[in-house]
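Chains as they are written, first to last, in my numbering: chain U, 329 to 383; chain E, 827 to 1075.
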Amino acid sequence: LTEEQVLSSLLQQLHLSKVPVLGKADMEGLVIPAHVRAQYVALLQRSHGTRSRGK
Amino acid sequence: RFSQNFREVAGRFLVSEASTHLLRHSRGCPEQSQSPALSASLCLCCRRLVSIHESGWKALDVTEAVNFWRQLHRPRQPLLLQVSVQRGHLGPLASSAHRLLRFTSQGPAGAGQGEPQLELHTLDLRDYGAHGNCDPKAPITEGTRCCRQEMYIDLQGLKWAENWVLEPPGFLAYECVGTCQQPPESLTFKWPFLGPRQCIASETTSLPMIVSMEEGGKRRPQVVSLPNMRVQKCSCAWDGAPVPRKLKP
């Protein structure tokens, strides 16, 4: 797995054609709400539990 | 053919369209396709990309299907193997191209040879399989047997992830390294279709992320899951075919 593959998969999942141009200002006041973090943790736990068939 | 306890499976074509050949043991088999239990254990074994400009054999590894079938309790249903050309969900151009594909017989037309062959070989995966996780203390050399090695991807160090990827800062992706023991010449298929056994990622898992997305003119954190990002298990397999794993009937 390469970093380019990670980026390509991320763009594909988000249906984006290129990386958004963001600066520090875009991060100001950005807080991860509890329900989003809970969803992330649930997916993380599930991905450690379930396995999908590789190539 | 080489296994003492399996006679060679000789089947007959019961359904024969250009895109579907169903091979089934024809001696005294009751009509199975209506049996719901059977339909419940239908699985896609493998897929091959076929060029419409070529003609020739495709080798399909049905190991997992045979393994699954052997674990079924007796009296077991017969093993059904179906090879078909994908036809659904294609655009008009691709579907017309797919209609060009034909199953063809081995010998000259009408020579009665037109039957696929199912060859069963068994390998002791203790000798021919992978060795789990690599020993972090041992260097990877030519003699290292296929294993899973830690590989960390630091997202914080990537320019494109800055101010965009909020979680995780990085993750262990792992990679499959090392070589696989090749079976003796006498066991290998005579068909030139199978290359050497390779060390592949046979099980992978997804990677969830939290990224900042624009919504209504504002940036909001959003969860996204990237498939097949982390290697869970490395195995030795021919041509990337799935490998047997402990299936519960």
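Note that CB positions come from ideal geometry on N, CA and C, so glycine has one too.
Note that the structure is a prediction, hence the values are computed from the model and not measured.
Would residue i pass as an interface residue toward chain U - the criterion being a Cβ-Cβ separation below 8 angstroms?
{"i": "residue 855(E)", "result": "For residue 855(E), the predicted structure reports a pLDDT of 39, less than 50, and the residue's modelled location is therefore unreliable. A value from the coordinates is still provided. Taking Cβ atoms only, chain U never reaches closer than 8 angstroms to residue 855(E), which makes this a no."}
{"i": "residue 966(E)", "result": "no"}
{"i": "residue 895(E)", "result": "no"}
{"i": "residue 959(E)", "result": "no"}
{"i": "residue 1001(E)", "result": "yes"}
{"i": "residue 976(E)", "result": "no"}
{"i": "residue 1062(E)", "result": "no"}
Using a 10 Å radius around the Cβ and a threshold of 16 neighbouring Cβ atoms, would you call residue i buried or exposed?
{"i": "residue 1075(E)", "result": "Model confidence at residue 1075(E) stands at a pLDDT of 42, short of 50, so the residue's coordinates are unreliable; what they give is reported in the following sentence. Exposed, since its Cβ has fewer than 16 Cβ neighbours within 10 Å."}
{"i": "residue 370(U)", "result": "exposed"}
{"i": "residue 359(U)", "result": "exposed"}
{"i": "residue 1034(E)", "result": "buried"}
{"i": "residue 978(E)", "result": "exposed"}
{"i": "residue 450(U)", "result": "This structure gives no information on residue 450(U), because the portion of chain U shown stretches from 329 to 383."}
{"i": "residue 372(U)", "result": "buried"}
Residues of chain E with a CB under 9 angstroms from the CB of residue i: which are they?
{"i": "residue 337(U)", "result": "1033, 1052, 1053, 1054, 1055"}
On the premise that residue j lies in contact with residue i, defined as a C-beta separation below 8 angstroms, what is that separation, rounded to the nearest angstrom?
{"i": "residue 1000(E)", "j": "residue 975(E)", "result": "7 angstroms"}
{"i": "residue 1036(E)", "j": "residue 1061(E)", "result": "Not confirmed; about 32 angstroms, so no contact."}
{"i": "residue 354(U)", "j": "residue 1038(E)", "result": "7 angstroms"}
Using a Cβ-Cβ cut-off of 8 angstroms, state whether residue i counts as contacting chain E.
{"i": "residue 368(U)", "result": "yes"}
Measuring from the CB of residue i, is there a heavy atom of the ligand MG at a distance below 7 angstroms?
{"i": "residue 1044(E)", "result": "Although the ligand MG was asked about, the structure shown includes no ligands whatsoever."}
Is there a Cβ from chain A that is less than 8 angstroms from the Cβ of residue i?
{"i": "residue 1045(E)", "result": "This model lacks chain A altogether, as its protein chains are U and E."}
Please compile the residues from chain U whose C-beta is within a distance smaller than 8 angstroms of the C-beta of residue i.
{"i": "residue 1036(E)", "result": "360, 364, 365, 368"}
{"i": "residue 986(E)", "result": "335, 347"}
Smallest Cα separation from residue i: which of the options?
{"i": "residue 351(U)", "options": "1046(E), 988(E), 1003(E)", "result": "988(E)"}
{"i": "residue 1057(E)", "options": "1030(E), 1064(E), 1045(E)", "result": "1030(E)"}
{"i": "residue 906(E)", "options": "899(E), 1053(E), 900(E), 888(E)", "result": "888(E)"}
What in chain E is Cβ-close to residue i, meaning under 8 angstroms?
{"i": "residue 345(U)", "result": "Here the premise fails: no neighbours, minimum Cβ distance about 13 angstroms."}
Taking Cβ-Cβ distances shorter than 9 angstroms, what residues in chain U pair up with residue i?
{"i": "residue 886(E)", "result": "Result: empty, since nearest Cβ-Cβ is about 15 angstroms, beyond 9 angstroms."}
Could you work out which residues of chain U lie near residue i, taking near to mean beta carbons separated by less than 7 angstroms?
{"i": "residue 1049(E)", "result": "364, 367, 368, 371"}
{"i": "residue 992(E)", "result": "360"}
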